[in-house]
Amino acid sequence: MVCARGPHRRSGRAWRHRTGGARAPRARSAGRHVARPYLDRCGGRQPRRLPPDEWVWAALTAFSRSRELNEYCKQGARSASSGGPPGPPAEGGGRTCGRNSPMATADPESVAGRGRLLVEPRLVALLAAAAGLAVLFWEAAGNLWFRWGQQQELSHSYFIPLISLYLVWLNRETVLKSAGGPSFAGVAIIGAALALLLLGQLTSIFLFQHVGIVVAIAGLVAGFGGLSLLRTVAAPVAFLFFAVPPPYWVITVLSFNFQQVSSILGVAMVELMGIPVHLSGNIIDLGDYRLQVAEACSGLRYLFPFLSLGVMAAYMYRGPLWQRLAIVGATIPITIVMNSVRIAVTAALVQAYGAEHAEGALHFFEGWVVFLFCLAALFALIAVFARTAKPRINPLDALTTPDLPLTAPVPARTGLAPVAGAALALVAAGYALSQIATVDSLVIPERRDFDGVLAEFDDSWGKEVRPIDPTVAEVLGADDTIVLNLSAANGDVFNLYMAYLDAQRDGRSWHSPRQCIPGGGWKITRHTIEKTKTAGGKPFAYNRMLIENGDSKQLVYYWYDQRGRKVANEFVMKAWLIADAVTRKRSDGAMVRLITPVLDGMTVAEADAKLQAMQARLQTFLPAYVPD
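In structure tokens, the structure reads:
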């Protein structure tokens, strides 16, 4: 059979008359179709519908670059030009194909042999390496899936891999043309991914393992398709990083800051409506009603998906680089302003119609409406850029399907076997090391419970243990806590709070007082990091804060007691956490906070002297409760 657009557009009978022979019998093997390794390349309809087994061979043929098949196509084209039976076309050559080709009428065993050659060794090696990496990162991928479903801020992450695959599919021809030879650079990238995996297992910090998944994908692309292929698909691969959840403590810090800013702007908008309102921390007091701007209303549920969409819009936008950066940067202020509008509208509706507007399905619906307004604001910004461009661009035409850059493939400097062997050996070594890291888990030192702290103060002290709200305790996730009010015989009053963790992992860490204190209505008027020495001469850094709420003042000291170190800065504390988890197999520690009121007639310096004396007293017995 010939193609409709071919040079011999005739019926089957006319074709047999021209060639002087009968139609060649179809080859059969064991009562089934013989696999034919190519599809019809003519522009019209296919001569016939391929059975499923032939689709498999056709897909393998399209993927592979078998020299034998290419040579066979060239021979078929030369045969067709010399008047022989039409065979499969050469690249850009003849028009005929299908059941009358020599492949279709060849010996079945010969055809089967050719079919096996179509399974390119590179594909087999790629699948083997990918399967090995999947086994290594299986636990990390499971945690990634869990985080996406657990935190609503990350629920959009399910679509990130699909978007990346869609970008590659749209540019599949460019991707195939950019594929080069195997590269040892990919093996090095896979090695970096395995190093991140081991670091995550040693520290029990899944962030390293999540990043390692994306790095491993990049390594597979570079290892079996060359750096040219990695450059072509760099944007879709980089977009996968938006599916990596940030650490819990980063979300906590961002959530607190967004709560504060959104509350301030929302209250300002409510005041513009003429509604009496008072803001205390993140509590909006409307008189008859009090609204709390909780973490769910901080705006992060808009920010993460909106930021991803902003990056995609900037990638699709046809404009200068500064406008693309402006599109991405605008997502943050748009999110804050729109979330503040939501808070203001909710407050106004509650004031007018009741508290049901601040909860339930209606409140959820308001959130989706605000998100749509965020998208509208972003598109309005793109429209402004498009209308002011020279020449002017239609806003709809300014967003185009992104084209991946075509990178000339680099000839392979080495064969497939060394690269594939190195990659598979590296994966095997990574598996062995990961098993060692898993078995050798974190060390949890012996310690005394905080209940024994009461006995450290004699009967001259007034002691009152304050209970912790179960909801707060669940959020803190500490293994041991104590809140203790102390009053000395001379009238000095202190509040002591300590929280201990056996292991800091899976989001279990402390909430910084700098985040919690303002949420209770207190204002931090002064904050410094002070440095001193312990009785043993070791460095001792602590945070000193003066806070106010109306006419009340308090002085606050707090620090992180981390495996023999007294640390004030949260980022330094996290750095030591990683180092100690790798070198000492420990990630335990505690957060200690001391508060004393600054009473009328008392200077801040006098309050400092009292806290410093209490701080020194704690160091005499604290190592038994927080091991060095």
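Residue numbers (the numbering used here): 8 to 635. Virtual Cβ for every residue (Gly too), placed ideally from N, Cα, C.
Where residue i sits in the DSSP three-state scheme
| i | result |
| --- | --- |
| W566 | strand |
| N401 | coil |
| F166 | helix |
| N346 | helix |
| T627 | coil |
| I602 | strand |
| H285 | strand |
| A337 | helix |
| Y639 | Only positions 8 to 635 of the chain appear in this structure, which leaves residue 639 out of reach. |
| L298 | strand |
| D458 | helix |
| A620 | helix |
| A597 | strand |
| D615 | helix |
| M609 | coil |
| V251 | coil |
| H217 | helix |
| Q358 | helix |
| A186 | coil |
| S519 | coil |
| V260 | helix |
| G99 | Note that G99 scores 41 on pLDDT, short of 50, meaning its location in the model is unreliable and no value can be drawn from it. |
| T181 | helix |
| L634 | Before going on, a small fix: residue 634 reads as Pro here, not Leu. In the structure shown, P634 sits in coil (DSSP, three-state: anything other than H, G, I, E or B). |
| I271 | helix |
| A199 | helix |
| A223 | helix |
| T395 | coil |
| P452 | coil |
| K581 | helix |
| I475 | coil |
| Q158 | coil |
| M280 | coil |
Cross-strand partners of residue i (DSSP beta bridge)
| i | result |
| --- | --- |
| T539 | F547 |
| D487 | Y507 |
| K470 | L493 |
| M552 | H534 and V563 |
| N502 | N492 and I602 |
| D410 | BP columns for D410 are empty, so no partner. |
| A586 | According to DSSP, A586 bridges with nothing at all. |
| K573 | F547 and D568 |
| I291 | L286 and L298 |
Buried or exposed by the 16-neighbour rule on C-beta atoms within 10 Å, applied to residue i
| i | result |
| --- | --- |
| Q157 | exposed |
| A506 | buried |
| P546 | exposed |
| D595 | buried |
| I341 | buried |
| F263 | buried |
| G281 | exposed |
| K538 | exposed |
| W152 | exposed |
| Y324 | buried |
| Y309 | buried |
| R394 | exposed |
| G469 | exposed |
| R43 | Note that R43 scores a pLDDT of 44, beneath 50, so its modelled location is shaky; the value from the coordinates is reported in the next line. By the 10 Å Cβ count, R43 comes out buried. |
| A462 | exposed |
| F578 | exposed |
| P398 | exposed |
| L133 | buried |
Cβ-Cβ separation, residue j to residue i (assumed contact under 8 Å), whole Å
| i | j | result |
| --- | --- | --- |
| L227 | A136 | 6 Å |
| G193 | G230 | 2 Å |
| N576 | I536 | 7 Å |
| Q561 | T603 | 7 Å |
| G185 | L413 | In the sequence as presented, Gly is not what sits at residue 185; that position holds Ser. Yes, S185 and L413 are in contact; Cβ-Cβ is about 6 Å, under 8 Å. |
| L553 | R533 | 4 Å |
| V284 | I291 | 6 Å |
| L169 | V434 | The pair is not a contact, with the Cβ atoms about 26 Å apart (cut-off 8 Å). |
Subject >> the segment 555-573 contacting the segment 458-477, beta-carbon criterion three pairs below 8 Å >> reply: no
Original post:
When the Cβ atoms of the segment 229-236 are set against those of the segment 249-260, are three or more pairs found closer than 8 Å?
Top reply: no
**OP:** Could you say if the segment 451-459 and the segment 212-227 meet the contact criterion of at least three C-beta pairs nearer than 8 Å?
**Re:** no
Original post:
Using 8 Å as the Cβ pair cut-off and three pairs as the minimum, do the segment 484-499 and the segment 528-543 touch?
Top reply: no
**OP:** Determine contact between the segment 579-598 and the segment 205-214, defined as no fewer than three beta-carbon pairs at a distance below 8 Å.
**Re:** yes
**OP:** Answer yes if the segment 376-384 comes into contact with the segment 342-350, meaning at least three C-beta pairs across the two stretches below 8 Å, and no otherwise.
**Re:** yes
**OP:** For the segment 304-321 and the segment 329-338, state whether three or more C-beta atom pairs, one from each stretch, are separated by less than 8 Å.
**Re:** yes
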